[in-house]
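For reference, the structure is listed below as structure tokens.
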Amino acid sequence: DGKVFTYDPGFTSTAACESQITYIDGDEGVLLYRGYPIDQLAEKSSFLEVCYLLANGELPNEGEFKRFEKDITYHTMLHAQFDRFFDGFRRDAHPMAIMVGTVGALAAFYHDSTDINDRKQRTIASHRLIAKMPTIAARAFKYSIGQPFVSPRNELDYASNFLRQCFAVPAEDYKINPVMARALDVFMILHADHEQNASTSTVRLAGSSGANPFACISSGIACLWGPAHGGANEAALNMLEEIGTVDNIPEFIRRVKDPNDDIRLMGFGHRVYKNYDPRATAMQKLCHMVLKEVGAEDNPTLKVAMELEKIALNDEYFVSRKLYPNIDFYSGITLRAMGFPTSMFTVLFAVARTVGWIAQWTEMMEDDSQKIGRPRQVYTGPTLRAYVPVGQRK
Ligand code: SDX
Numbered sequence: 042d043g044k045v046f047t048y049d050p051g052f053t054s055t056a057a058c059e060s061q062i063t064y065i066d067g068d069e070g071v072l073l074y075r076g077y078p079i080d081q082l083a084e085k086s087s088f089l090e091v092c093y094l095l096a097n098g099e100l101p102n103e104g105e106f107k108r109f110e111k112d113i114t115y116h117t118m119l120h121a122q123f124d125r126f127f128d129g130f131r132r133d134a135h136p137m138a139i140m141v142g143t144v145g146a147l148a149a150f151y152h153d154s155t156d157i158n159d160r161k162q163r164t165i166a167s168h169r170l171i172a173k174m175p176t177i178a179a180r181a182f183k184y185s186i187g188q189p190f191v192s193p194r195n196e197l198d199y200a201s202n203f204l205r206q207c208f209a210v211p212a213e214d215y216k217i218n219p220v221m222a223r224a225l226d227v228f229m230i231l232h233a234d235h236e237q238n239a240s241t242s243t244v245r246l247a248g249s250s251g252a253n254p255f256a257c258i259s260s261g262i263a264c265l266w267g268p269a270h271g272g273a274n275e276a277a278l279n280m281l282e283e284i285g286t287v288d289n290i291p292e293f294i295r296r297v298k299d300p301n302d303d304i305r306l307m308g309f310g311h312r313v314y315k316n317y318d319p320r321a322t323a324m325q326k327l328c329h330m331v332l333k334e335v336g337a338e339d340n341p342t343l344k345v346a347m348e349l350e351k352i353a354l355n356d357e358y359f360v361s362r363k364l365y366p367n368i369d370f371y372s373g374i375t376l377r378a379m380g381f382p383t384s385m386f387t388v389l390f391a392v393a394r395t396v397g398w399i400a401q402w403t404e405m406m407e408d409d410s411q412k413i414g415r416p417r418q419v420y421t422g423p424t425l426r427a428y429v430p431v432g433q434r435k
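What the sequence shown shows, in UniProt numbering, is residues 42 to 435, in sequence order.
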């Protein structure tokens with residue numbers, strides 16, 4: 042009857058989420074985990090100690106850390122039947138597809154840690170996820186390259202255990218390289234949490250419905266896979282290798298600026314940092330450390346990255362849009378030098394971010410006022426109208 046609704050959104054503020062875990066000041070380039078600056082943690086802490094900090098709010102004393110480390114170490118194995126999942130994937134499946142497909146299924150094996158109302162079960166689920174993610178990730182990698190799975194070893198630290206499961210082969214003894222183990226540990230510290238980014242918000246939204254923690258983490262992995270988010274490390278390295286040499290940079294920059302050419306400088310820009318991403322500084326240091334270890338300080342891709350960064354940081358287009366390198370700009374070169382294929386880059390990001398996701402999920406679960414999430418909408422569709430039978434339509 043043509044009656045027109047006057048649209049009244051009826052709300053002014055969008056709901057912000059309260060958290061005590063991570064603080065970012067995007068203008069100042071500050072990142073704190075429970076109040077500790079990321080550069081100090083990257084330099085002095087370990088990933089497992091950061092896991093304890095994010096989950097419990099305080100750094101552990103020696104006894105607390107030993108108990109935590111033992112609990113994680115003794116839960117790194119997977120149920121024997123879990124391995125049969127992998128046979129269902131094509132050999133050329135992207136490891137992130139395998140991660141999305143298998144992590145949610147942990148709920149089918151560990152019923153004693155899916156009751157979200159039981160604090161003890163929530164803690165068991167958190168520790169199981171932190172413990173088992175490297176084992177699942179390493180299996181996804183081994184499956185994609187047709188090599189036999191390698192079981193975790195309890196005498197190894199977290200990063201060394203992960204590296205060994207990825208790179209050891211039955212044909213010879215595997216020697217842990219302490220520089221690579223430390224590099225992986227710092228990589229995971231830098232990626233552990235990042236406030237309410239897209240994938241963390243996905244985990245919180247899924248968790249607000251009461252879904253089990255394994256399914257919630259699987260939803261976070263799915264969101265992280267996108268090239269604008271966790272997939273940027275793979276996209277950034279592909280971009281640097283596509284540019285190839287320093288001589289090709291000016292043409293590439295021209296194309297990025299061309300409004301008709303929809304390409305972006307991957308590894309640059311951020312939803313929050315409108316200054317240097319403090320993690321990018323630490324990642325650049327890590328990159329140099331790893332390239333030195335493998336004798337590739339003159340790596341051509343690193344040369345392109347450093348020249349590209351220098352040009353972009355002095356170019357009006359990027360400066361006016363406050364586009365600075367983010368954590369993904371140097372992480373791809375670093376991971377490639379550590380021996381990982383690009384298909385594993387976002388998987389490694391997901392393994393590290395699991396502790397942030399599960400800490401944020403736990404924080405939400407412990408908030409009794411928490412209701413099911415429902416992001417606001419502004420309706421811009423047609424106003425009220427009557428149905429027209431098909432014979433009378435134009
Ligand atoms: C991560 O949120 C998190 O915390 C994420 C993360 C985490 O730890 O969880 O930090 C991890 O996701 C890091 C970001 C990784 N993504 C990339 O590196 C992909 C490339 N970057 C962009 O696509 C982009 O910068 C975003 C998505 C990261 C942020 O985008 P914004 O802040 O929403 O900016 P925008 O898309 O609105 O762009 C603003 C302007 C636009 O130009 P104009 O329309 O004004 O002319 O800046 C331009 C954009 O075209 N722009 C870029 C650019 N990023 C933005 N131009 C070229 N290259 C880029 N990288």
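Just so it is clear, CB atoms sit at the ideal spot from N, CA and C, and this is done for glycine as well. In this text the structure is predicted, and so the values were computed from the model without any measurement.
- Only residues of its own chain outside the window of five on either side were considered, and among them Lys-315 and Asn-316 have a CB closer than 8 angstroms to the CB of Asp-68, listed in chain order.
- In the three-state scheme derived from DSSP, where H, G and I count as helix and E and B as strand, Pro-366 is classed as strand.
- In the same chain as Ile-284, and ignoring 5 residues on each side of it, the C-beta atoms closer than 8 angstroms to its own belong to Ile-290, Phe-293, Val-345 and Leu-349, in chain order.
- Remark: C-beta atoms of Ala-146 and Thr-155 do not approach each other more closely than 8 angstroms.
- Within the chosen limit of 7 angstroms, the ligand SDX does not reach the beta carbon of Asp-356 with any heavy atom.
- Leu-73 is bridged by DSSP to Tyr-64 and Pro-78.
- Taking 7 angstroms as the cut-off, the C-beta of Phe-386 does not count as close to any heavy atom of the ligand SDX.
- The beta carbon of Ile-186 sits no closer than 7 angstroms to any heavy atom of the ligand SDX.
- Thr-63 and Pro-319 have their alpha carbons spaced roughly 14 angstroms apart.
- Judged by their CB atoms, Gln-411 and Ser-249 are nearer to each other than the 8 angstroms cut-off.
- In this structure, Ala-391 sits near Ile-262, with a CB-CB distance shorter than 8 angstroms.
- Secondary structure of Phe-150 (DSSP, three-state): coil.
- Between Ala-96 and Ser-192, the C-beta spacing is not below 8 angstroms.
- Residue environment: Ala-224 is assigned as buried (16 or more neighbouring CB atoms within 10 Å of its CB, all protein chains considered).
- Annotation: the region 208–243 contains the following complete segments of the alpha helix (DSSP H) (minimum length 4 residues), in chain order: 219–232.
- Between the ligand SDX and Asp-68, a heavy atom-to-CB distance of less than 7 angstroms is absent.
- Of all C-beta pairs linking the region 170–190 to the region 383–401, three or more are shorter than 8 angstroms, placing the two stretches in contact.
- Relative to Ser-87, the option among Ala-138, Arg-131, Asp-226 and Asp-214 whose CA is nearest is Asp-226.
- Relative to the non-hydrogen atoms of the ligand SDX, the Cβ of Ile-139 never comes closer than 7 angstroms to any of them.
- Lys-216 and Gln-206 have their C-alpha atoms spaced approximately 12 angstroms apart.
- If the five residues before and after Gln-325 are omitted, its C-beta is found closer than 7 angstroms to the C-beta atoms of Tyr-371, all from its own chain and listed in chain order.
- Residues Asp-198, Ala-200, Ser-201 and Leu-204 of the same chain have their beta carbon placed closer than 8 angstroms to that of Ala-222, with the five preceding and five following residues left out of the count.
- In the same chain as Glu-90, and ignoring 5 residues on each side of it, the C-beta atoms closer than 7 angstroms to its own belong to Leu-100, Pro-101 and Phe-106, in chain order.
- Counting C-beta pairs with one atom in each stretch, the region 129–138 and the region 236–253 have fewer than three that are closer than 8 angstroms, which means they do not touch.
- A distance criterion of 7 angstroms places the beta-carbon of Leu-306 in contact range of the ligand SDX, judged by its closest non-hydrogen atom.
- The beta carbon of Leu-364 sits closer than 6 angstroms to those of Phe-309 and Gly-310, all from its chain and outside the five residues before and after it, given in chain order.
- For Phe-309, the three-state secondary structure derived from DSSP is strand.
- Distance from the C-beta of Gly-271 to the nearest heavy atom of the ligand SDX is below 7 angstroms.
- Between Ser-259 and Val-144, the C-beta spacing is below 8 angstroms.
- Inclusion of Val-313 in the 7 angstroms shell around the ligand SDX follows from its C-beta lying nearer than that to a non-hydrogen atom of the ligand.
- Closer than 7 angstroms to some heavy atom of the ligand SDX: that does not describe the Cβ of Asp-299.
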